[in-house]
Each structure stands twice: as structure tokens, then as C-alpha cells.
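Reviewing the structure listed below.
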Amino acid sequence: MQQPLDEHQQAINELRAILLREDRQQLDELRHALEDEEFSKRVNALIGSQIDFFKQEFPAEFYTVINQWIDHRIQHSQQEILDVIYPVMGKMIKKYIQHQFELLRESIEEQIQRTQVIIFPWTRKKASEEKANQLLADLNTSQVQEIYVIQKNSGILLGSHSVQETIDADALAGMFTAIKLFVEDAFSQKSQNLEAIRYENYQIFVYNAYSYYIAVALAGSLSSRQTSELEDVLIQINEQLNQQLVRVDDSTNYQVKTILQQHFTPHKTLGK
Amino acid sequence: MIPKKVMLAGNFGVGKTSLFNQFLHNTFDEAYRTTIGVKVDSKLIETSNGPLKLMLWDIAGEVTQEKVPRTYWLGSKAVVYVFDLTRPVTWSSVEHDLSFIRKVLPEGVIRLVANKTDLVDKARIQEAFGQLAVDTATSAKTGENVPSLFTQLAENIYRL
Chain A
106 MQQPLDEHQQ
116 AINELRAILL
126 REDRQQLDEL
136 RHALEDEEFS
146 KRVNALIGSQ
156 IDFFKQEFPA
166 EFYTVINQWI
176 DHRIQHSQQE
186 ILDVIYPVMG
196 KMIKKYIQHQ
206 FELLRESIEE
216 QIQRTQVIIF
226 PWTRKKASEE
236 KANQLLADLN
246 TSQVQEIYVI
256 QKNSGILLGS
266 HSVQETIDAD
276 ALAGMFTAIK
286 LFVEDAFSQK
296 SQNLEAIRYE
306 NYQIFVYNAY
316 SYYIAVALAG
326 SLSSRQTSEL
336 EDVLIQINEQ
346 LNQQLVRVDD
356 STNYQVKTIL
366 QQHFTPHKTL
376 GK
Chain B
636 MIPKKVMLAG
646 NFGVGKTSLF
656 NQFLHNTFDE
666 AYRTTIGVKV
676 DSKLIETSNG
686 PLKLMLWDIA
696 GEVTQEKVPR
706 TYWLGSKAVV
716 YVFDLTRPVT
726 WSSVEHDLSF
736 IRKVLPEGVI
746 RLVANKTDLV
756 DKARIQEAFG
766 QLAVDTATSA
776 KTGENVPSLF
786 TQLAENIYRL
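Heads up: the sequence lines are chains A and B, in that order.
Going letter by letter, the first sequence gives residues 106 to 377 in our numbering.
Going letter by letter, the second sequence gives residues 636 to 795 in our numbering.
Printed below as a string of C-alpha cells:
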């Protein structure tokens, strides 16, 4: 069976060679023409001139179309654009504020230097710098508004101390606990605790103890030094609470409030 | 005074928030607004042993669903489980939900409340009492049995 098939294939090849002879000849001529150096030069020059023309005329020809396309993209991608721009804007604003603080600092230093009456020349610069730093520190302070000691999970308020009348400290403690538990549950971080909630110029700093947590409502932002200072105070409170709170009963509120009052006077300012 | 935590539980739309508002503020709103997350508020109640502050947690939606963090139940002294007299479908989940609550709060006091008496006839109320171990039937709209529900609950959990 193999022999007749080979013969058949050979016959087809011969027939193909006869029928396609002219086409193959033309194809060879075309290949030679394309590989010709002169042809390449002519074509390259033509393409180059077209590219130059395109570069020159592109704005005029496509300006309207591209503008329309960009408008369309902006209108339909506002959220994406905001997502991209927002962090950049935040950094710019932060930089601007830092710059303004620097300017303020320089201005304070100059002012102090001008108003100093009798200071030895070699101490003048150092003294003015220290005073400027002190004035800036005064500007960058945080005030404790309220402090709560709240039983973990139940959200029951064990005691609180506030510089102002609070609507309902018990309800506030419960609601805050609900938020805290929800956040911790939502992120499935049973072993981790919510440590702070911020809202513009206010923040709630949370110190987590074993069976309760302490929530401190502050006005102003906390620097790392102020955070450390606040943590030291809360550790002291925690130690006192552990020693004095044997059980939770009707006297607990009073005991906790007394301890808190020892550490937080009205409008206690951190960082000074 | 240390308040006692009380949970309001039950299917969505049974009137938990309406009971909550009726008890706390003596108000009722005809419009239904689903509770998002949880609402917490407190009320001072006079009991035979003295005043007691109830801390009410009105949680959204169903009891066992995953949207309600399990930790919400911790530290509760009592649970007011509400079902809707007008919707028998809410009766069917009572046993299952109560079994879940007993597991989470083995020592908690549970009150089963049939709500919306103002919308059904006596036969329907009797039917509910016949099928389930109902403690009381209330109307958040008219306030029927709402104060007594919480006052009795406060008496029961005062010493807990």
C-alpha cells in the first residue's frame, strides 16, 4: 500500500511545480526587489517624513478627540483619580504644615533674639533656640478631656473622670465597647486590641489591661513622646486599680474615679 | 452603681428597636429603619432592692448570624428575645436561637417576648402562648407590658 501513495505524492508535486512556476518566479523577483538597498532607503525616507508630519500635525489633528477622551475618562473614573490624588495631596498638606511650623519657629527665634535685653553673647543663640522649642511645644499639646475604665466585653463602665458633663458615660462606654469589639471581630484578630480611634482634632487612646481597658479622650494630637508619657501614667493607674479593685460592686465607681482624679486634673496637658 | 448589661435579640423587623425606644424614651416610630450594628443606651430603674441601671444592647438582625460578633453577648446578665406575633416565620427560629443563647450565656436570664399585640387578635396571642414558652406579650406601639417587662427583669437580675 505504501508504494502507490508515494507515486501519487510525486505526481502532485510535479503538477504543483508546473502550475505555480510563474507565481514562484514573481515571488523571487519581489524578494530581490525588497532586499535591494536602494528600495530600503526610499522606503525609510518615506516613513521618516510621515513620522515627522505626524509629530507636527498630531496636536492639531487629534487635539479635540483626545480632549474629549480625557474628559470622558475623568468623568467616569472620578473615584479612581481621587484614590490616586488623595495620598499625594495629604503628603503635600503635611509638608506645607511642616514648612509653616519651621517658618513659625524661625520667626519665634528671631523675635526672642530681638527682645532679649542682657544675655551673654555666647549663650544667646542656645537660649533663644530653647525658648522657641518651648513655645512650639506649647502649641503642640494634647489635653485629656475624659477618661474611662471599662470592663472588657461587657462594656460596663467601672469608673470615669471628665472635665465636662458627659451625656451618659454608661451608654458611651457601651457604645465604644461595641465599636471596639466589632473592629476586633471584623479583622479576626482575637489576640489583638484596638488601640486608638481618631476623629479630626480628637482621639480616643486605648490602654488594654487584662479584664478592663482604659479609654482616654484627648483634644489635639499625640506625639510619640506624649504617647509614651500617657502610657506611663496609664500603667501607674493600672497598677493602682489592680491593687485596690478586689471585686466589682457599688463602691467600684467611686474607687476608680478617685484613682483617676489623682492622675488627671481638669484639662491636664500632655507634653509639657 | 454598676449597671447590668441586657441584650435585645430576635429576627429583623420584630420590633427590638421599637421596644428599646418605648422603654427608654416612651416613643414609637411607625417607620421601619433597620438597625446597623448595635445601639447601646441605659436607663435607671427602681426595684424593690433599690435603683438599678440597665445597659441595653439593641443588636441588629438575627441572633446566630455571623454579622453579630459573639463577644457582644459576653458579660450580659439577661437577654430579651423578641418575636413578631404577625409573622409566624419568626416563631420558628425561637427554639434554635434560644439554644444558641443558652450556650453563650449559660447563667443569663432569658425572657421570651411576643411583640406587636396591637396588630393581632387574642386568638393569635393564645396560639403563640400555646406553641412557645412566652413570658409576656407586648406592644412597642402602645407600650403595653413594656415597663413591666423591664422592671421584672431588673428585679430578677439585681443580685446577679
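Using N, Cα and C, we set each Cβ at its ideal position, and we do this for glycine too.
For Lys776/B, I'd like the list of residues in its chain whose CB is within less than 6 Å of its CB, leaving aside the five on either flank, ordered along the chain. If we look at Lys776/B and ignore the five residues flanking it on each side, its Cβ neighbours are Phe663, Asp753.
Contacting positions in the region 274 to 287 of chain A - beta carbon closer than 7 Å to chain B: Of all residues in the region 274 to 287 of chain A, those with a C-beta nearer than 7 Å to a C-beta of chain B are Asp275, Ala276, Gly279, Met280, Ala283, Leu286, Phe287, reading in chain order.
Secondary structure at Gly685/B, three-state DSSP: helix, strand or coil? It is a strand residue.
Asp290/A touches chain B at which residues, Cβ-Cβ below 8 Å? Within 8 Å Cβ-Cβ: Pro704, Arg705, Thr706.
Do Asp354/A and Pro638/B have their C-beta atoms within less than 9 Å of each other? Going by C-beta atoms, Asp354/A is not nearer than 9 Å to Pro638/B.
Grouping DSSP H, G and I as helix and E and B as strand, with all else coil, what is Leu643/B? Leu643/B: strand per DSSP, three-state reduction.
Could you give the distance in angstroms between the alpha-carbon of Lys285/A and the alpha-carbon of Ala763/B? Rounded to whole angstroms, Lys285/A to Ala763/B spans 38 Å at the Cα level.
Every unbroken alpha helix (DSSP H) within the region 260 to 324 of chain A, with a cutoff of 4 residues, ordered by chain: With a minimum length of 4 residues, the continuous alpha helix (DSSP H) runs that stay inside the region 260 to 324 of chain A are 274 to 291.
Can you tell me which of the three DSSP states Gln366/A falls into? Helix.
At the level of alpha carbons, what is the spacing between Thr805/B and Lys688/B? Outside the shown range of chain B, which is 636 to 795, sits residue 805/B, and nothing can be said about it.
Under the three-state reduction of DSSP, which class applies to Phe785/B: helix, strand or coil? Helix, per DSSP.
By the DSSP assignment, the alpha helix (DSSP H) with Glu742/B in it spans what residues? Note, Glu742/B: premise wrong, no alpha helix (DSSP H); not H, not E.
Tell me whether the region 712 to 730 of chain B and the region 305 to 324 of chain A touch, counting them as touching only if at least three CB pairs, one residue from each stretch, are closer than 8 Å. No, they do not touch.
Would you mind reading off the limits of the alpha helix (DSSP H) that contains Phe144/A? Start and end: 142 to 181.
Starting from the beta carbon of Ile190/A, find every residue of chain B whose beta carbon is closer than 8 Å, and list them in chain order. Residues of chain B passing the Cβ test: none, with the nearest at roughly 30 Å.
What does Gly325/A touch in chain B if you count any residue whose Cβ is under 8 Å from its own? Residues of chain B passing the Cβ test: none, with the nearest at roughly 27 Å.
What residue range does the alpha helix (DSSP H) around Ile340/A cover? Run containing Ile340/A: 329 to 349, per the alpha helix (DSSP H) assignment.
Only counting the same chain, and skipping five residues up and downstream in sequence, which positions put a Cβ closer than 6 Å to that of Ile309/A? Taken in chain order, the residues that qualify are Ile302, Ala320, Ala322.
Spatially closest choice to Phe735/B from Ser774/B, Arg705/B, Arg759/B, by CA coordinates: Residue Arg705/B is the option with its Cα nearest to Phe735/B.
From this set, Trp708/B, Lys678/B, Phe647/B, Val744/B, which residue's C-alpha is nearest Asn661/B's C-alpha? Considering only alpha carbons, the answer is Lys678/B.
Contact residues within the region 246 to 263 of chain A, judged by C-beta distance below 9 Å to chain B: If you check each beta-carbon in the region 246 to 263 of chain A against every beta-carbon of chain B, the ones closer than 9 Å belong to Gln256, Lys257, Asn258, Ser259, Gly260, Ile261, Leu262, Leu263.
Roughly how many angstroms lie between the CA atoms of Thr357/A and Ala324/A, to the nearest whole one? Taken atom to atom, the span from the alpha-carbon of Thr357/A to that of Ala324/A is near 27 Å.
Can you give the Cα-Cα distance for Gln256/A and Ser774/B, rounded to whole angstroms? Cα to Cα, the separation comes out at about 33 Å.
From the DSSP output, read off the bridge partner residues of Asn750/B. In DSSP, Asn750/B forms a bridge with Asp719/B, Thr773/B.
Determine the direct distance from the alpha carbon of Arg147/A to that of Glu134/A, and round the result to whole angstroms. Near 18 Å, if we compare the C-alpha coordinates of Arg147/A and Glu134/A.
Host alpha helix (DSSP H) of Val724/B (start-end): Under the DSSP assignment, Val724/B falls in the alpha helix (DSSP H) whose first and last residues are 724 to 727.
Counting only the same chain and skipping the five closest in sequence on each side, list residues whose C-beta sits under 8 Å from that of His368/A. Excluding residues within five positions, the ones whose Cβ falls inside 8 Å are Val338, Gln341, Ile342.
For Gln205/A and Ser212/A, what's the separation of their Cα atoms in angstroms? Distance between the alpha carbons of Gln205/A and Ser212/A: 10 Å.
State buried or exposed for Trp174/A, treating a residue as buried only when at least 16 other CB atoms are found within 10 Å of its CB. It counts as exposed.
Identify the continuous beta strand (DSSP E) that holds Glu251/A and give its terminal residues. Counting along the chain, the beta strand (DSSP E) containing Glu251/A begins and ends at 247 to 256.
Using the beta-carbon count (16 or more within 10 Å), is Leu139/A buried or exposed? Counting the other CB atoms within 10 Å of its CB gives Leu139/A a total below 16, which places it among the exposed residues.
Please decide whether Asn298/A counts as near chain B, where near means a Cβ-Cβ distance under 9 Å. In terms of beta-carbon proximity, Asn298/A stays away from the interface with chain B, with every pair separated by 9 Å or more.
Cβ of Ile680/B versus every heavy atom of the ligand ADP: is any distance shorter than 8 Å? The model depicted lacks the ligand ADP and carries no ligand whatsoever.
Through-space distance from Ile186/A to Gln180/A, alpha-carbon basis: Gln180/A and Ile186/A: Cα-Cα distance of roughly 10 Å.
Ordered along the chain, which non-local residues of its own chain (more than five positions away) have a Cβ less than 6 Å from that of Val714/B? For Val714/B, where only same-chain residues beyond five positions count, the Cβ hits under 6 Å are Met642, Ala644, Ile736, Gly743, Ile745.
Thinking just about the alpha-carbon of each residue, which of Ser326/A, Leu277/A, Asn306/A is nearest to the one in Met690/B? Closest in C-alpha terms to Met690/B, from the list Ser326/A, Leu277/A, Asn306/A, comes Leu277/A.
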